[in-house]
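Residue numbers (the working numbering): 197 to 375.
By construction, the Cβ of each residue, glycine as well, lies at the ideal position given by its N, Cα and C atoms.
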């Protein structure tokens with residue numbers, strides 16, 4: 197995806213993102229951008245332009261679009277197996293309470309490291325697990341059955357364990373009580 201900076205006819209500037217997801221039928225980013233430049237934005241790009249306009253209008257009024265209901269920022273751990281867990285106290289000292297972890301490459305090793313990570317987390321810290329669709333639905337449900345008891349108290353959410361199928365994901369959410 198990309199961050200858009202849109203200057204509107206009246207000179208107001210607003211920002212939004214454009215993050216096409218081809219698995220949901222969006223065009224690749226390059227095509228989305230070309231269509232916008234031609235004045236033929238897709239449905240996704242029209243939403244991005246709408247949010248950029250909302251942002252521009254709010255900036256002109258010097259108002260924030262945020263309310264008290266904000267998603268907390270997280271510390272991103274892209275290469276989990278090479279992450280130094282001794283950094284956690286420093287990061288928590290910097291007020292990070294959410295940790296987004298990319299997993300699914302070597303699930304057995306990552307699970308052991310994840311157990312150690314949650315044991316070291318202090319207070320109300322949570323993990324956000326992002327699998328990037330690296331495993332199958334069956335492998336995910338088997339993994340979840342084995343690990344949910346110790347993981348759930350520390351879990352903020354799970355992202356893309358397998359290729360998204362709405363009915364399957366709803367079933368898993370209901371069966372396991374997760375988001």
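Query                                                                                                                                                              : Result
By the DSSP assignment, the beta strand (DSSP E) with residue 359 in it spans what residues?                                                                       : Per DSSP, residue 359 belongs to no beta strand (DSSP E) and is neither H nor E.
Enumerate, from N- to C-terminal direction, the unbroken beta strand (DSSP E) stretches of 3 or more residues contained entirely within the stretch 231-297.       : 271-273
What separation, rounded to the nearest whole angstrom, lies between the Cα atoms of residue 288 and residue 237?                                                  : 42 Å
Measuring CB atoms only, is the stretch 324-332 touching the stretch 239-253, in the sense that at least three cross pairs come out at less than 8 Å?              : no
Mind checking which residues open and close the alpha helix (DSSP H) that includes residue 336?                                                                    : 333-347
Do you know how far the Cα of residue 240 is from the Cα of residue 262?                                                                                           : 22 Å
Starting from residue 200, follow the beta strand (DSSP E) in both directions and report where the run begins and ends.                                            : 198-203
What's the gap between the Cα of residue 314 and the Cα of residue 354?                                                                                            : 15 Å
Which residues bound the alpha helix (DSSP H) around residue 303?                                                                                                  : 303-316
Using a Cβ-Cβ cut-off of 8 Å (strictly less than) and excluding sequence neighbours within five positions of residue 202, which residues of its own chain qualify? : 209, 210, 211, 212, 245, 248, 249, 252
Can you tell me whether DSSP reads residue 324 as helix, strand or coil?                                                                                           : strand
Classify residue 362 as buried or exposed, calling it buried when 16 or more other Cβ atoms lie within 10 Å of its own Cβ.                                         : exposed
CB residue 300 to CB residue 278, shorter than 8 Å?                                                                                                                : no
Going by C-alpha to C-alpha distance, which of 312, 371, 351, 317 sits closest to residue 341?                                                                     : 371
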